[in-house]
Structure formats: C-alpha cells, structure tokens
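One structure is given below, encoded as structure tokens.
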Amino acid sequence: MNKDLDIYVLIKQVPDTRSKAGVNPDGTIDRAKAGKMLNPFDAFALQAGLNAKKMGGPNSRLFAVTMGPPPAIDILYQALEHGADATCILSDRRLAASDTLATAYALCRTLEYLFKKNGKKADLIFCGLQTTDGDTAQVGPEISERLDFTQVTYCEDFSISDNLLHAKKIIEGGTQLVSAELPALVTIANSYTKLKFKSLRGAQFVQDVKRASKEEQAKYVEIIDLDKCEADEMRCGLNGSPTIVSKTWKIGVVGGNCKMHQGKAASELVSEVFKDAIMLKEFVKI
Amino acid sequence: MAGEVLVVAEQVNSQVANVTLELLGEGKKLARKLGSPLSCFVIGHNMEAAVDAVIKAGAEKVYLADHAELAEYKTLHYRRVILDELSSWATPPHTLLMGSTTTGRDLAPRIAAFFETGLTADTIELDIGPYEHTSGIDQTKIGYFPECLYASRPSFGESLKARILGPWKDPQMATIRPGVFAKPEMLTEKPEGVEIKKVAINFQPSDYRITIKETLREIEGKIDITAADVIVAGGYGLGSADGVNLLKDLAACFENSVVGASRKIVDLGWMTYPYQVGQTGKTVRPKIYIACGISGALQHRVGMQKSELIIAINRDPDAPIFSFADQGIVGDVYHVIPEMIKQLQEKNTSKLAELKVK
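Each protein sequence line maps, in turn, to chains A and B.
Residue numbers 55 to 340, in this note's numbering, belong to the letters of the first sequence in order.
Residue numbers 3 to 360, in this note's numbering, belong to the letters of the second sequence in order.
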C-alpha cells in the first residue's frame, strides 16, 4: 500500500477555437467574445491526477489549481465534477500580461500557500504538456525548478511505488522508462488516457456546491489574490515578466499562386494536378 | 561588449543532433551582429567527434562536459553542469539557444527559471536589433537597448507573428524547432585555435533523484518524418480515424514517403505525436507535401511551408491552405485520394513499361 498522496493538477482556461464565435474574418481572435474551455492538454493531466489518487493511500487528496480571471472558476467546477477534492484560483488584475516566468512564480506562490494550508507539501504536481493558447510547455518545468522537484515531461503512462514515480516518457526518436523520486512534477502527453466522463455523483455534488453558502463554496473553490499568497507584485504580471511582445504583424499570404482545380469529376481534377506537378513522377514507387 | 552567443548542443549516442548544427548556423549570424563569439556547450560522453562537428559547423569556443553519467540526457545532471558553469561567468551569455525538442523543452525552462530570465518557445525567426522601452510602472526597465535578441513566433490561433524580446537580463533565451533553420555548410578542415574548455563536473546527491531504467529508440528512423521526400498529411477533414488508412495507402505509392498529421487529429488521438507537423510538432521541408483535409492554420503552415511542392485537397474553397499551396483540389478527400492512388498506380505501370523498353 502506498502512502497517502497530496496531488495537485495545474489547469488553465483557454479560448475555444473550435467554435466560430469570436473569430474575426481576418483570422484574429476576439478573446472577449470567444468561448472558453479547459485547455485540452489539461484534461489528460486531470485524468492523471485522478489515477494517481487511486494509486495513493486512502487519504490521498487531489487539488486543482488555476490562475486567471474569475470566469476561469468554470474549469475548477469541471475538475470537481470529475473528482477533485478541492480547488483554488489565483485571480488578480496585477497578473495581466504575465509571461511564463511570471506565471510560474505566481503559481509557485499559490502552491506554497496551499501546501501550508493543507499541512503538507505536494507529492505530485501534474500539468498538461502545454496550453493551446500559449503553446510554450515552459510553465511546468519552471515551477519544478523553483520548487526543486524532480521532473518528468512528455509522460505517457506512470505508476507509483514507495516514494518513486515510474514513468514512460517520450524522448527524441523513442520512449524512455524513468524513475523519479517524489515530490515530482509531471507534464502529461496527449497520448495518455483520455479524461473519463464526469460521474453523476460529481455533477450532483457540484450542483450542491453552487447552491451552498459562500463559506461552504470556498471550501471547494477558494479564490485568492496576490496578497493572500504573499506574492511580490513586482515579480508578477507585466512587471515580473522578463519578456514582452514588442511588435506583432500579420503574416501575409505566402505565394498566393495556388492553381485551383475544382468543379469537375475527381478523376479529371487529379489528372490535371498530376499533369501540372511534373516532379511527382520522380517519387512514384516502382 | 555583449556576451557570447551560446548554443546548448543536443546529442543522441554521442552524435550531435541536426538542430544543434542548424542553431550554430543561425547563431553565427547573431554573433557577428553582436561582435561576440559563437560558443557551444557540448554535454555527453565520448564526445570527441561531436566537438569536431560543432567546430566545423561554426562554433568558435566549446564548453565540454564529458562524463559517463551524461551519456543519456537527464534533466538534473544536465541542468547541474550548465548552471555550475554559467554561474561562474563574470558576464553571462548574451543569447542562449536550444532546440525545441523534447530535451530542449525539458531543460531550457529550468535554466531560465534558475536565472530568472526570459525564454521564448518555438521561435521561427531570430535577429538582433534595438528596442526602446519608454513607459511602465517599473522605472528600472526604461531605457534604450541597442542589441536585443528578437525572437519571433506565431501567436496562437491568430494570423499574427509576434516579436518577443527581453533585453533586461542576460542570457536572453529561445528554443527553436528542428528544421526551421538550414544546416550551415560544414568546414572541411577544423580551424586552428578553437578553445575547448572542459567544465567542472560536480554532481550533487539530489541530482540522482531521477534514474533512467530503459531507453527505447528502435522506432527511430521509421517515424522521423523530417527525412521523408514525400509527406501525405491529414487533418480534421478526414472525418474520422479511418481516414488515416487512406493517407497510408496514398503514401505507399511514393518512394521515401511517410504520413503526417495536423495537430487537431493528434489531439483527437487519430495519429500520434511523432507524426505531427506544425508549430508544436515537426518542421518539415519535403519535396512534396500533400495536405488532405487540412485547413492550413498558421500553426500548421509554419511547420511545412518550406516544402518544395504543396498539393492541398479540401472541400472548402476558402480554406487558408489554398493561399499558400501550389496545387489545390477542391473536393472530398474520400473521392480525390482513391482517384490519386488509382492514377499513380497507372503511372507506375507505365513507368515499368518504360523501364522494360530500356
């Protein structure tokens, strides 16, 4: 039997680009109008957290943590529906324009606040491999460095025994089996098990929480700001970010010389293309 | 004077990764603009040939950490040798570049967090240029910076490219996808006088918290989509995972061919990550790229737009892919691909006939 584990999953709300809402005709995104969703990569991390909880002792706990504007509470409720025990959001205007380093700092402060409150440091922290809106994959390892945790990125599968995480991870050109001492930070690849459907009990529980008093709600969805987690505001947001976006520009249409073939039978379209694309011939297998 | 331009080399089985050579080629341009040396940090075991290779690719100074414990990449061990060495420098590197590989993405953020410095991920363009910071709450940031690292990357879901910079703290860091830059021409002779500094290696007990049990690379080669001449890639327009078989059938008609995937279908689990083309997947430049049911979002485009010939099949005549493909077919992939296969097999027969005549 493994010891009781305190497990944290870091999740983020991102613009929902699957829908057309909030997508301007020129392809830019109106973030205010766009729908929101749980970062798809974080769904795998949440499932990893749920699985890890089962591997731990009977008093293992799963916490979901996010940072963002108040509407991001939605994804915390989602985590509760799936089986998280409690959640926390760091929400503060001073966090605006945080780059990855500033984000990692703020999340570290949040985690350390929670470790103190929960009476114990994390045994495991799970993150999605990356977000779909930032795409950097940097925040996880930056947190791991600050907390001096071991780290497994691109994790595809894992088990836990004693004080060790045994993981299968993607490396260049293959896979690797590694063992990492706890506490560990793990980023979960999207080849991991998909997030299972929420349980009826979970959904019912969230309905109850939403109807409960503010005090009762705060037990499950705690909202904190920079002061509460004792974060230095000069290290957060734009102030704490060592990088800025100095300029953006539209990427023009490249080429624009596409020869279009349409409005005919597939056989004709294909033979037209093959006639134009002479170099294809060189690569046809004999 | 600005600090060095430092490329942290990546290796597998003591061989330097292509991305390292590509970064040395691009790093040289940055170093010349800064008037700084181009240096390379080589970490591994039995690295003599690797050191030769990075020097022939343009490195003017080499930092070498050669130790049996470093034969395979390990987060904490590699972190240790880099941090120990860089912490001892009076002037940090001006620029620090790493590949945006599974290794670089594991290591670079730890280095950046340790030095509390900026790191731009998945960069597609690098340059050195000026920047003036005129306002902000933090007065200490205001000033004119003549030599910043410009790292540009696409901004997600938006047809925008963003230039990211952070001149306030060195090293200014960036990771770059393999294949984004061309490999430099390799010198035939090793130039004289390149300093090779053996760095001190002092592992701490805490570095041994992660151990490698087994490394499996037998699939290497088979799924290196960057080496293929022909890539048949599929997107969400395939409609279901079954469509992947159609891609495979078409790819099988070509020599040195492979299938590729858009991010969306990798996220959906129709294909796996090693096949993914684009900003967060591989950057490819094959001779022929056949995009089947791929809309051509910027994220995908940056990973394949350098292909010599791009043929796109899409039902939507307004799909962005048609703005940069060479040949576009407006139609259903389930009609067009089988027709392609049929006609290629006919070509094949005629090619055979040609050979027989000869």
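Here a beta-carbon is modelled for each residue, glycine too, at the ideal position from N, C-alpha and C.
- Chain-ordered, the chain A residues with CB closer than 8 Å to the CB of Lys349(B) read Phe328, Lys335 and Val338.
- Of all residues in the stretch 272–300 of chain A, those with a C-beta nearer than 8 Å to a C-beta of chain B are Met288, Leu292, Asn293, Ser295, Pro296, Thr297, Ile298, Val299 and Ser300, reading in chain order.
- By the rule that beta-carbons nearer than 8 Å mark a contact, Ala158(A) touches chain B.
- Among the residues of the stretch 101–132 of chain A, none has a Cβ less than 8 Å away from any Cβ of chain B.
- Gly5(B): not part of any beta strand (DSSP E); DSSP gives it neither H nor E.
- Taking 8 Å as the CB threshold, Ala114(B) lines the interface with chain A.
- In this model, Leu236(A) and Asn217(A) are separated by some 6 Å (Cα to Cα).
- When Cβ pairs closer than 8 Å are counted between the two stretches, the stretch 260–268 of chain A is seen not to touch the stretch 110–122 of chain A, the count staying below three.
- Sequence-distant Cβ neighbours of Ser157(B) in its own chain, meaning closer than 6 Å and more than five residues away, are Ala164.
- Burial is judged here by how many other beta carbons sit within 10 angstroms of a residue's own beta carbon; Ala184(B) has fewer than 16 and is exposed.
- Chain-ordered listing is empty here: chain A has no CB closer than 9 Å to the CB of Gln206(B), the nearest sitting near 11 Å.
- A Cβ-Cβ distance of about 15 Å is found for the pair Phe169(A) and Asp139(A), leaving them out of contact under the 8 Å criterion.
- In the three-state DSSP reduction, Ala176(B) falls in the strand class (E or B).
- For the stretch 112–136 of chain A, the continuous alpha helix (DSSP H) assignments of 4+ residues that do not extend past its boundaries occur at 127–136, in sequence order.
- For Asn244(A), the C-beta contacts it makes with chain B under 8 Å involve Val268, Asp269, Gly271 and Tyr275, in order along the chain.
- Interface annotation for the stretch 175–192 of chain A against chain B: Gln184, Thr186, Asp187, Gly188, Asp189, Thr190, Ala191 and Gln192, criterion Cβ-Cβ distance under 8 Å.
- Residue range Pro94 to Met109 is occupied by the alpha helix (DSSP H) that includes Ala97(A).
- For His302(B), the three-state secondary structure derived from DSSP is helix.
- Chain-order list of chain A residues neighbouring Gln141(B): empty, with the shortest C-beta distance near 11 Å, by a criterion of under 9 Å.
- Between Leu155(A) and Glu196(A) the beta-carbon gap is near 6 Å, inside 8 Å, which marks them as a contact.
- With a minimum length of 3 residues, the unbroken runs of beta strand (DSSP E) contained wholly in the stretch 190–225 of chain B fall at 197–200 and 212–218.
- When Cβ-Cβ separations below 8 Å define contact, Ile130(B) makes no contact with chain A.
- As a beta-bridge residue in DSSP terms, Asp70(A) pairs with Gly89(A).
- Chain B places no beta carbon closer than 8 Å to that of His136(A), leaving this residue out of the contacts.
- Considering only beta carbons, the part of the stretch 200–234 of chain A lying closer than 7 Å to chain B consists of Arg200, Thr204, Gln205, Thr207, Tyr208, Ile224, Ile225, Glu226, Gly227, Gly228, Thr229, Gln230, Leu231, Val232, Ser233 and Ala234, in chain order.
- At a cut-off of 8 Å between beta carbons, His96(B) makes no contact with chain A.
- Contact between Gly262(B) and Thr285(B) does not hold, since the beta-carbon distance rounds to 11 Å and is not under 8 Å.
- Inter-residue distance for Glu191(B) and Ser264(B) is about 42 Å (C-alpha atoms, whole angstroms).
- For Met91(A), there are no neighbours in chain B by C-beta distance under 8 Å, as the nearest C-beta there is about 12 Å away.
- Gly295(B) is the residue among Asp86(B), Gly295(B) and Ile312(B) whose C-alpha sits nearest the C-alpha of Val335(B).
- Between the stretch 183–190 of chain A and the stretch 82–100 of chain A, the count of C-beta pairs closer than 8 Å reaches three or more; the two stretches touch.
- Taking 8 Å as the Cβ-Cβ cut-off, the stretch 247–269 of chain B approaches chain A at Ala254, Cys255, Phe256, Glu257, Asn258, Ser259, Val268 and Asp269, given in chain order.
- In the three-state scheme derived from DSSP, where H, G and I count as helix and E and B as strand, Ile65(A) is classed as coil.
- In the DSSP assignment, Asp262(A) falls outside any beta strand (DSSP E) and lies within the alpha helix (DSSP H) extending over Leu254 to Arg265.
- Within chain B, the residues placing a beta-carbon under 7 Å from that of Asp153(A) are Gly120, ordered along the chain.
- A distance below 6 Å between beta-carbons, with the five flanking residues on each side excluded, links Val332(B) to the following residues of its chain, in chain order: Pro319.
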